[in-house]
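Asker:
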Amino acid sequence: MRIGELSRRSGVPVPTIKYYLREGLLAAGELTSPNQAHYGPGHERRLRLIRALLDVGGLSLATIGEVLEAMDDPGQPVHKVLGVAADGVTPTGDETAGPELEDAREEVAEL
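First residue of the sequence shown? That's 1156 in my numbering, and the numbers climb one at a time after it.
1. Am I right that V1233 and E1221 are in contact with their C-beta atoms under 8 Å? What's the rounded C-beta distance?
2. CB R1163 to CB H1193, shorter than 8 Å?
3. Go through its chain and collect everything with a Cβ distance to A1183's Cβ below 7 Å, but skip five positions before and after it.
4. For a quick check, are the C-beta atoms of A1207 and A1241 less than 8 Å apart?
5. Determine, using beta carbons only, whether L1181 and H1198 come nearer to each other than 8 Å.
6. Does A1182 come out as helix, strand or coil in the three-state DSSP assignment?
7. Along the chain, where does the alpha helix (DSSP H) that runs through D1227 open and close?
8. Is V1169 near G1159, with beta carbons less than 8 Å apart?
9. Around the C-beta of L1204, are 16 or more other C-beta atoms found within 10 angstroms, so that it is buried, or is it exposed?
10. To the nearest angstrom, report how far apart T1218 and P1254 are at their CA atoms.
11. Alpha carbon to alpha carbon, how far is S1215 from L1209?
12. Let me confirm a value: M1212 is counted as buried when at least 16 other C-beta atoms fall within 10 Å, else exposed. Which label applies?
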């Protein structure tokens, strides 16, 4: 899919996707021409994870980068990855945040 379709399916605006690409949070798509790329389901899942960590977890983009880096290292034990994420979570004390929280939890569970 092209970046516009990725944006539509993930709910993340194109400029934000481009920012995540520049910052290394999202891998580049497969180039189909000098100024176009193809993105797959893995890109969509990664965007949903980034948004869940940002919106629900309250993690900074720097911490999200650390979490993603740990996740991408196949030699990294799961508890270390979770520890990186847990260290960055900002408690809100609001456990009744509504349907957005539940949607984000479902997205994370699917990963």
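Here a beta-carbon is modelled for each residue, glycine too, at the ideal position from N, C-alpha and C.
Answerer: A quick look at the data gives this:
1. As a first step, residue 1233 is located in the sequence shown; it is residue number 78 there, counting from the start. As a first step, residue 1221 is located in the sequence shown; it is residue number 66 there, counting from the start. No, V1233 and E1221 are not in contact; Cβ-Cβ is about 15 Å, not under 8 Å.
2. Stepping through the sequence shown from its first residue, residue 1163 is reached at position 8. Stepping through the sequence shown from its first residue, residue 1193 is reached at position 38. Their beta carbons are not under 8 Å apart, which means R1163 does not touch H1193 by this criterion.
3. Locating residue 1183 in the sequence shown gives position 28, counting from the first residue. Excluding sequence positions up to five before and after A1183, its CB lies within less than 7 Å of the CB of L1176 and A1192, all in the same chain and listed in chain order.
4. For the purposes of this step, residue 1207 is identified with residue 52 of the sequence shown, where counting begins at 1. For the purposes of this step, residue 1241 is identified with residue 86 of the sequence shown, where counting begins at 1. No. Outside cutoff.
5. Stepping through the sequence shown from its first residue, residue 1181 is reached at position 26. Stepping through the sequence shown from its first residue, residue 1198 is reached at position 43. At a Cβ-Cβ threshold of 8 Å, L1181 and H1198 count as neighbours.
6. On the sequence shown, residue 1182 is found 27 positions in, with the first residue counted as 1. A1182 sits in coil when the DSSP states are folded into three classes, being neither helix nor strand.
7. Here residue 1227 refers to the residue found at position 72 when the sequence shown is read from its first residue. DSSP places D1227 in the uninterrupted alpha helix (DSSP H) bounded by L1216 to D1227.
8. Taking the sequence shown and counting its residues from 1, one reaches residue 1169 at position 14. Taking the sequence shown and counting its residues from 1, one reaches residue 1159 at position 4. With contacts defined as CB atoms closer than 8 Å, V1169 and G1159 qualify as a contacting pair.
9. Working through the sequence shown from its first residue, we reach residue 1204 at position 49. Under a 10 Å Cβ-count criterion, L1204 is classified as buried, with 16 or more other Cβ atoms of the shown protein chains found around its own Cβ.
10. Looking up residue 1218 in the sequence shown gives position 63. Looking up residue 1254 in the sequence shown gives position 99. For the pair T1218 and P1254, the Cα-to-Cα distance works out to about 25 Å.
11. In the sequence shown, the residue the question calls residue 1215 occupies position 60. In the sequence shown, the residue the question calls residue 1209 occupies position 54. Taking the straight line joining both Cα atoms gives about 7 Å.
12. If you number the sequence shown from 1, residue 1212 lands on position 57. Note that residue 1212 is Gly in the sequence shown here, rather than Met. G1212 is buried by the Cβ-count criterion.
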